[in-house]
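Here's the structure, in structure tokens; my notes come after.
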Amino acid sequence: MNHISEQKENINKQNSAKGTIILSIPTIHCQGCVDNIKNSLLEIKGIERAEGNPKLKIITINFDEHQVTTGQIEKTVTKNGHQLKSIRIV
């Protein structure tokens, strides 16, 4: 690999700060709860994907760390009337 290719690769790595977190939300009772949280999260710039499981009471989120913080994500969940038990960064 030449020097220019290495520089491009490093720039691509810096620009792609993809993060994944798993939220444990004990106040999730049904798919409707998951959908409400998911829809609110997807309105935030930088949230790329949000999926939930009401039986496990978790939401998994893929996001761009340059555009959104875990604090913003937590605030969105609590604004929907839910409480976070834990946040796990994957």
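At position 31 of the sequence shown (counting the first as 1) the number is 75 in this note's numbering, and the numbers step up by one without a gap.
Don't be surprised by glycine CBs; every beta carbon is placed ideally from N, CA and C.
From a predicted model like this one, the values you see are computed outputs, not experimental measurements.
Give me, in chain order, the residues of the same chain whose beta-carbon lies closer than 8 Å to that of residue i; leave out the 5 immediate sequence neighbours on both sides.
| i | result |
| --- | --- |
| histidine 73 | Pro98 |
| serine 130 | Leu67, Ser68 |
Excluding the five sequence neighbours on either side, which residues of its own chain have a C-beta within less than 7 Å of the C-beta of residue i, listed in chain order?
| i | result |
| --- | --- |
| glutamate 92 | Asn106, Phe107, Asp108 |
| isoleucine 66 | Ile102, Thr104, Arg132, Val134 |
| proline 137 | Since the first and last residues shown for the chain are 45 and 134, residue 137 lies out of range. |
| asparagine 61 | For the sequence presented, residue 61 should be read as alanine rather than asparagine. For alanine 61, where only same-chain residues beyond five positions count, the Cβ hits under 7 Å are Asp108, Glu109, His110. |
Please report the Cβ distance between residue i and residue j, rounded to the nearest whole angstrom; I am assuming they are in contact, meaning their Cβ atoms lie under 8 Å.
| i | j | result |
| --- | --- | --- |
| isoleucine 88 | glutamine 116 | 6 Å |
| valine 78 | glycine 96 | 3 Å |
Just list the residues that DSSP pairs residue i with in beta bridges.
| i | result |
| --- | --- |
| glycine 96 | Ile103 |
| glycine 63 | Phe107 |
| serine 130 | Ser68 |
Considering only residues of the same chain and omitting the five flanking positions on each side of residue i, which have a CB-CB separation below 6 Å?
| i | result |
| --- | --- |
| glutamine 75 | Pro98 |
| serine 84 | Thr120, Asn124 |
On the criterion of 16 or more Cβ atoms from any shown chain inside 10 Å, does residue i qualify as buried, or is it exposed?
| i | result |
| --- | --- |
| threonine 64 | exposed |
| glycine 125 | exposed |
| threonine 120 | buried |
| alanine 94 | buried |
If you draw a straight line from the alpha carbon of residue i to that of residue j, how long is it in whole angstroms?
| i | j | result |
| --- | --- | --- |
| glutamine 111 | asparagine 80 | 22 Å |
| threonine 114 | leucine 86 | 14 Å |
Does any CB atom of chain D fall closer than 8 Å to the CB of residue i?
| i | result |
| --- | --- |
| isoleucine 131 | No chain D is part of this structure, which consists of one protein chain only. |
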